[in-house]
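Undergrad: From first to last, the protein sequence lines stand for chains A and B.
Under my numbering, the first residue of the first sequence carries the number 1, and numbering increases by one thereafter.
Under my numbering, the first residue of the second sequence carries the number 1001, and numbering increases by one thereafter.
Yeah, the Cβ is synthetic: ideal placement off N, Cα and C, and Gly gets one too.
Because the structure is a prediction, the values reported are computed rather than measured.
I'd like to ask you about the structure that follows.
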Amino acid sequence: MGSFKLGGMTFGSLFKKPETLLYPVQTKEPYACQKGHVLNNVEECILCGMCQRVCPCNCIVVDKKIRRWVIDPFSCVQCGSCVRACPTKCLSMQPQCTPAGDAKYSIDLDVPDKKAAKQEQA
Amino acid sequence: MGKATVIPFGPQHPVLPEPLHLDLVVEDETVVDCIPQIGFVHRGLEKLVETRDYNQFIYVAERICGICAMGHSLGYAETVESLMNVEVPKRAQYLRVIWHELSRIHSHLLWLGLAADAFGFESMFMHCWRLRERVLDIFEKTTGGRVILSVVSVGGVVRDMDSATLQWICEVLDGIKDEYSKIMKTLLTDYSIKNRTVGVGFISKEEAVNLSIVGPFARASNVNYDARLFGRGAYGDLSDFQPILDAQGDCYARVKVRCLEVLQSIDIIKELSAKIPEGDIAVKVKGNPEAGAQASNVLEQPRGECYYYARGNGSKYLERMRMRTPTSQNLAGMTVALKGCDLADVNMIILTIDPCISCTER
C-alpha cells in the first residue's frame, strides 16, 4: 500500500516545476558567501606572505624580490584560509566558480611597488 | 550440501558506491563464509599530519570522506582543542552541532536513496536525493560549500549564522519533514521492501556487543550506545536525548533506525536553533601542542562512533593523529551478518550496514 502513497507524490511531481536545472544551459545564481575562487587586489597587496604560510595545499607562492604573487587555481581547495589571514584584506573569495579549463595554468600577478613609484614622482 | 564455491563480490559492483572486495564462499545459494578485503582507496592521510600544521590539517581531515566531511573536521578540531586546553565559545558549539546534524540528515538521505535503488525502487531514490539536495542547499548558503564545508577551525567556527538564516533552515527542514514522512511511511510499510529485509542479516545484541559494532547497526540490535549521549558540546544542552533503538537486529530494523534518526536530527536542529546563545564564534588559539601531550575524543558520525587520538611534539605539527572510523568497527559484524544468508540478500545486508570505505582506509 505504501507504494501508492509514493506514487501520488511522484504523480504530483508532474505538475510542479522541475527541481533540477538544465546545466550548462541554465546556471544557478551563486549565494553571496559561496566559495568560488580567490581574487587578489594587487593594488593593496604588501607581499607579506601570510597567505603562502597558511595555505594547506601550498598553491600560493609569494616572491618578494621580483614582486610577484602566484596562485595555482588547480591546486586551490577554496578553504578560505588565505582570505582570513590577509592583513590588508586584499584577498577575497569570489562566489562565482571559474569555468572548466582544458589545460592547467597558474595566475601570475605582478604587484606594483607603491613606494618606488612615489619616489620616482618626487 | 553442494560444493563450496568462491564468488568475488566487488570492488566494482552496482550496489557499492565505494570499492570493497568480498570473497563470498557459497554452498548452493547460501553464503557460508565471507572474507573482506580493503585497500583500494588508501591515501595515507594520517601521514600528512607530519607536513601540515594543526590548523592546516583540518582541511585534510574533512577530505577523509565526502559524506562525513563535517564530522571529521569537527572530531579533529575537538581533539586538538582538548590537546591544547582550548575552551570553545558556546555559540560555536551550537553552530557546529547544527551543521553536524544537517550532515547526518544528508548522509542518511543519501544512504536511503542508494538502498531504494538496490530494492529496484527508482522513484524513491529520486525523491530521497531531491530532499537531500535541499540540505546541500542549506550548506551552500551557510558555509559556501556543498560537501566540503571548511567551516570548522581549531577554536571555533569561521562563519556565523544570523537568526533569519536559522529561521530559514527550520522552515526548509519543516518542508523536508513533511515529504520525508511520506517516503518513510512507504519504506516501512511496503510489502515488497519488508519481504526483502525482515529477518535478513540478523545480528543479536550479544554478537553486536562482542564484535564492538557501533552506530545505527548496533542500535538496530538494541545496543543502547550513542556518542551523543556523553553530552559533549551543544549535545549537553539538549532537553532530552534518547538514542533510537530497535530489538529486531535485521535489515528492516537498520532501515527503521536510520529513518527515525533523520526525524530526530531535525528535532535537534530546531531545538538548538531556538536556544542558540549570542557571543563569539571562535577564540584565538596561540602556541603549539606540548610535547608528549595526548588527547582522545569520540564523536557520533552518521555511521557510528568515530574515535580520534592526537599526540603533540612541541612543534606546530602533531606527532600522531589517529582515527578509528565506524566502518572499520562494523566490517567484522558485516561478515557475521552475511553468514548463512542467501546470495541474493548479500547486497541488501551490505547496504543496510552502510559501509564507508574512504573513511575506513583514509
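#1: In the segment 22 to 41 of chain A, which residues sit with their C-beta less than 7 Å from some C-beta in chain B, listed in chain order?
#2: Enumerate in chain order the residues of its own chain whose CB-to-CB distance from Ala1116 (chain B) is below 7 Å, with the five nearest sequence positions on each side excluded.
#3: Please report whether the beta-carbon of Cys62 (chain A) lies at a distance below 9 Å from any beta-carbon of chain B.
#4: Nearest to Ser106 (chain A) by alpha carbon, out of A:Phe74, A:Lys118, A:Glu120?
#5: Answer with buried or exposed for Gln78 (chain A), where buried requires no fewer than 16 other C-beta atoms within 10 angstroms of its C-beta.
#6: Cβ of Gly1215 (chain B) within 9 Å of Cβ of Arg1303 (chain B)?
#7: List the DSSP bridge partners of Ile1357 (chain B).
#8: Is the CB-CB distance between Ala1293 (chain B) and Lys1090 (chain B) below 9 Å?
#9: Could you tell me which chain B residues have their CB closer than 9 Å to the CB of Arg84 (chain A), listed as they occur along the chain?
#10: What do you reckon, is the C-beta of Leu1024 (chain B) under 8 Å from a heavy atom of the ligand HEM?
#11: Taking the continuous beta strand (DSSP E) assigned at Ile1007 (chain B), which residues delimit it?
#12: Once you ignore the five residues that flank Gly1155 (chain B) on each side, which residues in its own chain have a CB closer than 6 Å to its CB?
#13: Provide the residue span of the beta strand (DSSP E) that contains Glu1319 (chain B), from first to last.
#14: Note the first and the last residue of the continuous beta strand (DSSP E) segment covering Cys1034 (chain B).
#15: Under the three-state reduction of DSSP, which class applies to Ser1296 (chain B): helix, strand or coil?
#16: Gly1333 (chain B) to Pro1036 (chain B), Cα distance in whole Å?
#17: Less than 9 Å between the C-beta atoms of Asp1174 (chain B) and Leu1095 (chain B), yes or no?
#18: Considering only the beta carbon of each residue, do Met1070 (chain B) and Val1158 (chain B) sit closer than 9 Å?
#19: May I have the straight-line CA-CA distance separating His1072 (chain B) from Ile1038 (chain B), to the nearest angstrom?
#20: Along chain A, which residues have their Cβ under 9 Å away from the Cβ of Tyr1059 (chain B)?
#21: Quick one, are the C-beta atoms of Ser1358 (chain B) and Gly1066 (chain B) less than 9 Å apart?
#22: Would you call Thr98 (chain A) buried or exposed, if buried means 16 or more other Cβ atoms sit within 10 Å of its Cβ?
#23: Could you tell me the distance, in whole angstroms, from the CA atom of Asp1237 (chain B) to the CA atom of His1100 (chain B)?
#24: Going by DSSP, what residue range makes up the alpha helix (DSSP H) through Asp1137 (chain B)?
#25: List the residues that DSSP assigns as beta-bridge partners of Trp69 (chain A).
#26: Starting from Met1124 (chain B), find everything on chain A with Cβ-Cβ shorter than 7 Å and list it in chain order.
TA: Once the coordinates are examined:
#1: Tyr31, Cys33, Gln34, Lys35
#2: Met1124, Phe1125, Cys1128
#3: At residue 62 (chain A) the sequence reads Val, which differs from the Cys that was named. With 9 Å as the cut-off, Val62 (chain A) does not count as an interface residue toward chain B.
#4: A:Phe74
#5: buried
#6: yes
#7: For Ile1357 (chain B), which the question treats as bridged, DSSP gives no partner whatsoever.
#8: no
#9: Ser1153, Val1158
#10: Because no ligand of any kind appears in the structure shown, any question about the ligand HEM cannot be addressed here.
#11: 1004 to 1009
#12: Val1086, Ala1282, Val1283, Val1285
#13: 1318 to 1324
#14: 1030 to 1037
#15: strand
#16: 11 Å
#17: no
#18: no
#19: 21 Å
#20: Pro56, Cys57, Val77, Cys79, Ser81
#21: yes
#22: exposed
#23: 15 Å
#24: 1122 to 1143
#25: A:Val62, A:Leu109
#26: Leu6
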